[in-house]
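The block underneath contains the structure these notes are about, expressed in structure tokens.
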Amino acid sequence: MEKLAIKGGAKLQGEVTVSGSKNSSVAILPAALMANSEVSIENLPEISDIATLSELINYLGARVEINSSHSLTIHTDNLFQWHAPYDLVKKLRASYYLLGSLLTRFGKAAVPLPGGCILGPRPIDQHIKGFTALGARVKLEHGLVKMEAEELKGAEIYLDVVTVGATINIMLAAVKAKGKTIIENAAKEPEIVDLANFLNAMGAEVIGAGTDVIKIYGVKELKSVEHMIIPDRIEAGTYIMAAASTDGNVLVKDVIPKHLEAVIAKLKEIEVDLEVGEDWILIKGCASPRSANIKTFPYPGFPTDLQALIMPILTKAVGSSIITENVFEGRFKHVDEIKRMGANIRLEGRSAIIEGGCGLMGAPVKATDLRAGAALIIAALIAEGETVISGIDHIDRGYQKIEEKLNNLGAGINRICLEEV
Ligand code: UD1
349 MEKLAIKGGA KLQGEVTVSG SKNSSVAILP AALMANSEVS IENLPEISDI
399 ATLSELINYL GARVEINSSH SLTIHTDNLF QWHAPYDLVK KLRASYYLLG
449 SLLTRFGKAA VPLPGGCILG PRPIDQHIKG FTALGARVKL EHGLVKMEAE
499 ELKGAEIYLD VVTVGATINI MLAAVKAKGK TIIENAAKEP EIVDLANFLN
549 AMGAEVIGAG TDVIKIYGVK ELKSVEHMII PDRIEAGTYI MAAASTDGNV
599 LVKDVIPKHL EAVIAKLKEI EVDLEVGEDW ILIKGCASPR SANIKTFPYP
649 GFPTDLQALI MPILTKAVGS SIITENVFEG RFKHVDEIKR MGANIRLEGR
699 SAIIEGGCGL MGAPVKATDL RAGAALIIAA LIAEGETVIS GIDHIDRGYQ
749 KIEEKLNNLG AGINRICLEE V
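Here the sequence shown is numbered in the working numbering, starting from 349 and rising by one per residue.
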């Protein structure tokens, strides 16, 4: 058990390089299990979710060969197991992608209900609707999702809600199904496009990823491939928010600015001074932030994953701001923690109303989920005095060396063991 002790007040300065996308990687590693031989993946982030998934893949009988801290090869020849163990599955949400990939590989799968961040209810009914439409018999027994299919057959599936997870899982289950599958009202996130590119490089026929209709023509075989993961737009957004919130001057490198259009537009509205290049974003400061109203939506809307992270800068703005969370019902756990630091925020249904202009003060706080944890780091950077954040295993699930990257920009962050606290 570790904590982060953060001294507030520094204006961040310098350059930071964005790592590979967590949400792409956690879909592409399970997808690799559908190939007949080895698959190499580059630009993986060095985070605990990838370590856990690698352990899961080894358990299933495939062999993960680590090439470097950002690259690995998965040898799938000896994959024999279709039942994933609870102890590993419970650690991350994306373990449910094993349902789609193992179903394709074996015609059966048994995977415990997944873990991951608690953001309110996170049902998997749309995943199950998709698997069932493709011909799988699905049973939920003792916390385990069990599926079996003699033959998967293409189907037309309309998603009742726009969901990243179900879109990905259906793509995985449909890729070798007989005939054509159409996913309507599909999620359009860049990570879905990255997965489609990966599958197509393996020989799949996935058309339309990045739009709300994805067509998948089933193929017989998926071959060996090498793939480079796209940059993590949420990690990029995190350093952008940290730089802007501290009125700093930071060059964020290895970004795809197109993936952050809604975020850049909002930051401009808040009067963050920034410049956008081909694969970089330069934050030049934000001396007096303006209040703003933000509504989260599926991509290309303002991402729910950056909702908590834009809150600290709004505590500095003069006037009221409203953040409305439209994607996850219960995604305001960070509010109580930021309030401990002196923020004036009230919750009304799915909205948080932030009365800006009151400075934050360091306090002991707890990260309740991954992005809530990152938001607390940003709040701590602009607070007066020291903040100690517990629950940082959530942060380590999704951020590669976050304190090292921020300390290189002049932040004062120490990782401490519980005994030292
Ligand atoms: C993924 C991301 C997460 C991000 C989220 C939304 C990964 C590993 N995680 O999560 O970082 O915050 O997308 O961009 O990529 N829903 C249903 N039924 C279902 C599935 C989802 O009602 O079967 C609902 C959810 O409760 C939620 C909404 O749909 O309200 C969106 O969820 P979804 O897009 O599936 O999120 P995840 O894939 O879990």
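We put the beta carbon where it would ideally sit given N, CA and C, even for glycine.
When the Cα atoms are used, what is the spatial distance from residue 607 to residue 589?
15 angstroms
Work out the CA separation of residue 541 and residue 765 for me, nearest whole Å.
Rounded to whole angstroms, residue 765 to residue 541 spans 40 angstroms at the Cα level.
Excluding sequence positions up to five away, which residues of its chain have a Cβ less than 7 angstroms from the Cβ of residue 776?
Not covered by the structure: residue 776. The range shown for the chain is 349 to 769.
Kindly indicate the opening and closing residues of the alpha helix (DSSP H) around residue 434.
434–437
For residue 577, the three-state DSSP class (helix, strand or coil):
coil
Tell me residue 629's beta-bridge partners as DSSP assigns them.
600, 624
How big is the Cα-Cα spacing for residue 584 and residue 462?
26 angstroms
Quick one: is the Cβ of residue 310 within less than 7 angstroms of any heavy atom of the ligand UD1?
Because the chain in this structure spans residues 349 to 769, residue 310 falls outside the shown range and cannot be described.
Assign residue 349 to buried or exposed, taking buried as 16 or more other Cβ atoms, counted over all protein chains shown, within 10 Å of its Cβ.
It counts as exposed.
Could you tell me the alpha carbon to alpha carbon distance between residue 733 and residue 660, rounded to whole angstroms?
16 angstroms
The ligand UD1 heavy atom lying under 7 angstroms from the CB of residue 748
no
Considering only heavy atoms of the ligand UD1, does any lie closer than 7 angstroms to the CB of residue 475?
yes
Where residue 762 falls: helix, strand or coil (DSSP)
Correct three-state label for residue 762: strand.
Endpoints, the alpha helix (DSSP H) within which residue 361 is located
It is not in any alpha helix (DSSP H) - residue 361 instead sits in the beta strand (DSSP E) that spans 361–365.
Judging by CA-CA distance, which residue of 562, 559, 639 is the nearest neighbour of residue 619?
Comparing Cα-Cα distances from residue 619 to each of 562, 559, 639, the minimum goes to 639.
Cβ of residue 486 within 7 angstroms of any heavy atom in the ligand UD1?
False, no ligand heavy atom lies under 7 angstroms from that Cβ.
Bridge partners for residue 736 per DSSP, in chain order?
According to DSSP, residue pairing for residue 736 in a beta bridge involves 353, 712.
Please state the DSSP three-state secondary structure of residue 618.
coil
Let me check understanding here. Comparing Cα to Cα, which of 403, 592, 494 lies closest to residue 771?
Residue 771 falls outside the range modelled here, since the chain spans only 349 to 769, and no answer is possible.
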